[in-house]
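Step one of this worksheet: look at the structure below.
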Amino acid sequence: MKKTFLGILASCAVLFASCAYESDRKPCSVSFFAMDTYMTVTAYGKNAESALNDVSEKIIALEKMWSATDENSEVYAINNSGGKTVPVSKETEALIEYALEISEATDGALNITLYPVLKAWGFTTGEYRVPSDDEIAALLENTGCEKVRLDSGSVTIPEGMQLDLGAVGKGYAGDIAVSILKERGVNSALLDLGGNIQAIGSKPDGTPWRVGLRNPFDGGSLAMLEVSDCAVITSGGYERYFTDENGSTYCHILDPENGRPAESGLASATIIGSKGRLCDGLSTAVFVMGQEKAEQFWRGYGGFEMVLVTKGGEVYITEGIEESFTLNGEYPDTRVNVIR
Ligand code: ADP
Ligand code: MG
């Protein structure tokens, strides 16, 4: 699996280097706000401009279906169905189906049924608080991906359960955007969907895209990764969190086991792979798992590479990206361990 991924990197670099001479090297960009974040998509080639308009329209349409707060969304309808079956679009069905698959593969580390628990912590509104153990325990009763019933064109969840697709939606939207661009003949593009990076091909000159990885401690650039035709998606405790009066911090990624902010010893988890949905789902799940479990998972599941930064400041990278990963020279003391 790991070799295949490296193979993809290598072959694409060659493939697109030869295409580069035919394509227009002038970039065309679109920026918009969707899914709670700024998104910028840059594409090259003669169809880029009209394809980019379609991409922004599509992502905004997907947000309208997947937002947990928009009263007209499909997720809102599911969450307020009182246990009744709700018809959904094919995209929503596919996203939920995929999320359930990753939930199972990660032994429940990814869990799309935590919305009521996230609400209790204030992560959905910004009115943060630390719920009592009893309150969390009661809310956890109504969670569990195995209780989500997915039929062709409809979803049913038990009364009291609510879904939150925030951990996978952006990655899935990125994959849909990539297919739109590819269908329109774009073979060089970079999608930055609020820090979720997805690349089509290589840069127009045939060299790989250079993606900066953020230092979770100071917001600077920790490292650079050279990639072609793949997604690079990070989950971090620094993205959304709050601090209580005792100075304890609480991050927006919850451990589904106990309904509390994940304390796995990781400051950030970056997943590199061919699909945005896989990388997005796994970045959240791996953040919950922590370094040791993540290593085991990588060996067993395969098909992706990762960069883990521990709270102690150590960096772990998987062997498939050893050649394409460069630590920023400003951090000479940072230890980079290679997972093999
Ligand atoms: P972001 O979308 O902020 O870049 P993630 O992809 O890691 O980061 O998604 C985090 C979001 O997923 C949270 O804001 C929350 O809505 C939801 N969430 C939190 N914990 C979990 C979990 N264990 N499984 C699935 N979704 C989660
Ligand atoms: Mg995610």
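Residues in the sequence shown are numbered from 57 upward in steps of one, following the numbering used here.
We put the beta carbon where it would ideally sit given N, CA and C, even for glycine.
Given the structure is predicted, the values throughout are model-derived calculations rather than measurements.
- Task: Count the CB pairs spanning the segment 230-242 and the segment 102-110 that are closer than 8 Å, and state whether there are at least three.
- Result: yes
- Specify, as a first and last residue, the run of the alpha helix (DSSP H) that residue 218 falls within. It is not in any alpha helix (DSSP H) - residue 218 carries neither H nor E in the DSSP assignment.
- Task: Please list, in chain order, all residues of the same chain as residue 214 whose beta carbon is under 6 Å from its beta carbon, the five residues on each side excluded.
- Result: 139, 203
- Starting from residue 286 and walking both ways along the alpha helix (DSSP H), at which residues does that stretch end? It is not in any alpha helix (DSSP H) - residue 286 carries neither H nor E in the DSSP assignment.
- Query: Rounded C-beta distance between residue 141 and residue 210? I'm assuming under 8 Å.
  - Reply: The beta-carbon distance between residue 141 and residue 210, rounded to whole angstroms, is 5 Å. This is short enough to meet the 8 Å contact definition.
- Item | Residues that residue 254 bridges to, as DSSP identifies them | DSSP lists 247, 287 as partners of residue 254.
- Query: Does the segment 91-101 come close enough to the segment 242-251 that 3 or more CB-CB pairs lie under 8 Å?
  - Reply: yes
- Task: Report all residues for which the CB-ligand distance to some heavy atom of ligand 4 is below 7 Å; order them along the chain.
- Result: With respect to small molecules bound, the structure shown includes ligand 1 and ligand 2 and not ligand 4.
- Can you give the Cα-Cα distance for residue 359 and residue 266, rounded to whole angstroms? The straight-line gap from Cα to Cα measures roughly 21 Å.
- Item | Coil, strand or helix - residue 343 by DSSP | helix
- Message: With three or more beta-carbon pairs closer than 8 Å as the criterion, would you say the segment 273-286 touches the segment 302-318?
- Response: Using a Cβ-Cβ distance cut-off of 8 Å, the segment 273-286 and the segment 302-318 are not in contact, since fewer than three pairs of beta carbons, one from each stretch, lie closer than that value.
- Item | Terminal residues of the alpha helix (DSSP H) in which residue 4 lies | Outside the shown range of the chain, which is 57 to 396, sits residue 4, and nothing can be said about it.
- Message: Short of 8 Å in beta carbon distance, which residues of its chain neighbour residue 380, apart from the five on each side in sequence? Order them along the chain.
- Response: In chain order, 65, 264, 281, 282, 283 place their CB closer than 8 Å to the CB of residue 380, counting only its own chain and leaving out the 5 sequence neighbours on each side.
- Message: Given a cut-off of 8 Å on the beta-carbon distance, is the pair residue 171 and residue 118 in contact?
- Response: Judged by their CB atoms, residue 171 and residue 118 are not nearer to each other than the 8 Å cut-off.
- Sequence-distant residues of the same chain with beta carbon closer than 6 Å to residue 184, five excluded per side: 178, 298
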